[in-house]
Every structure is written in structure tokens, then in C-alpha cells.
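All letters in the sequence shown, in the order written, are residues 1 to 165 by full-length UniProt numbering. Contents: one structure, followed by commentary.
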Amino acid sequence: MSTYDDDPTQPPEDLFDDEHLEANYRRLSEVLSDYRTASEAPPETQSGLKSRIMDIVNKEALRGPSTELITPKRRTYQVTTSAIRAEVRDVIDSFGDLRARSVKLEEISAEASQFSVGAGFTMAPHVAVQELIPHLRRGIADRLHTVFGIDAAAIDLQVEDIHED
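Written out as C-alpha cells, the structure reads:
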């Protein structure tokens, strides 16, 4: 029986509840092992290389997940997913008596930069939500298209709570 405390290079036995997870872990371990034996850089180069790699990894981790989009000229670019969510929240908040809560994005078509958007919000008790929803959907769709070139295939809106001011 191996635990992480016994051998830090081996995963705990209870980690693999799923056989696919275990198979992927083993495959990646083999790839890393092959890489390490195939390319041994001089020690003075290794520390600089490791430092640069860790800088890149840390910057990526801080930035958060990205969404890849395609321009009309078929060029790809990435934008942080949080930036897209922030634009949707800004549209919701601009309606005055609404407050954005959650925003979810689901890619429908990568080639067409088409997404399904889900947004939850709170509203003041006097708001006529039936009249507001079409304007809110149009505002979100327009903003996503203008700022990012994203076509919103569907916009699902949910009132999550009523707030009092």
C-alpha cells in the first residue's frame, strides 16, 4: 500500500475511482518519463528554463480560463472567459433595477464563434420582467457581437431572487 506520504512520486491509491482517470494518469506519467530521459539539459540551463516555464504557468493560472474566438478573416484569438462574463453582467446591471449574479457560456460552434449564454440576476419587486426580457436579450446579444464578435445562439435568463433597496 502506497500513500502520498510514503512516496511523493506515486499518487494515493484512492485517487483513481475512475479507470479512465487512472489510464490517463499512467499515459501522462509515461510521456513525462520519456521526456525527462530524452532531453537532459545542462544544470545551468535547466534552472533558467524551469524558471521561465513556471513564470508562464503562473501567469496562465492567474489569468484564468480563456475562450478561443475566430475573426471574420478566420484568425483565432483568445479572450479571458471572465471578460466575456463581465460584459454580460454590465448589460444586466445597466438596466438599473437588475443585478447580475451568474453568467454561464457554452460554445455551440467554434468556427462561427457561436455561444449559448445563461445569466441569472436579481430584480426589484416592481420590475415587469415580461416586458424587460426581450430588451435584455437584445442588449446582451448586441454587446457580445460588438465587443467580441460572438453570436449568441440562445440567451437563457433566470430571475434568481428579488432584492429590496
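Positions of the beta carbon are idealized from the N, C-alpha and C atoms, including for glycine.
Cβ neighbour criterion (16 or more within 10 Å) applied to residue i
i    : result
S47  : exposed
A86  : exposed
S113 : buried
I56  : exposed
A100 : buried
V31  : exposed
Alpha-carbon spacing of residue i relative to residue j, whole angstroms
i    : j    : result
S66  : V79  : 5 Å
I155 : R75  : 26 Å
L136 : E107 : 20 Å
G118 : E160 : 12 Å
R89  : D165 : 19 Å
L144 : A110 : 15 Å
E148 : I84  : The question names Glu, but residue 148 in the sequence shown is Phe. Cα to Cα, F148 sits roughly 8 Å from I84.
A23  : S33  : 15 Å
V91  : I70  : 23 Å
Q158 : M54  : 41 Å
N58  : S51  : 10 Å
P134 : G120 : 15 Å
R138 : A153 : 12 Å
D93  : D142 : 15 Å
K104 : S29  : 33 Å
P125 : T146 : 31 Å
R26  : I140 : 44 Å
F115 : P72  : 16 Å
T81  : S102 : 13 Å
Y77  : G64  : 15 Å
N- and C-terminal bounds of the beta strand (DSSP E) containing residue i
i           : result
residue 169 : With the chain running from 1 to 165 in the structure shown, residue 169 is simply not present.
T71         : Neither: T71 is in no beta strand (DSSP E) and is coded neither H nor E.
Whole-Å CB distance - residue i paired with residue j, under 8 Å assumed
i    : j    : result
D97  : V127 : 5 Å
I150 : T122 : Between T122 and I150 the Cβ distance is about 25 Å, and since that is not below 8 Å, they are no contact.
F95  : L132 : 7 Å
is_contact[residue i, chain D] using C-beta, thresh 9 Å
i    : result
H126 : Judged by its chain identifiers, the structure shown contains no chain D, having just a single protein chain.
At what residue ranges does the segment 83-138 contain a whole run of the beta strand (DSSP E), taking only runs of 3 or more?
-> 98-109, 114-123
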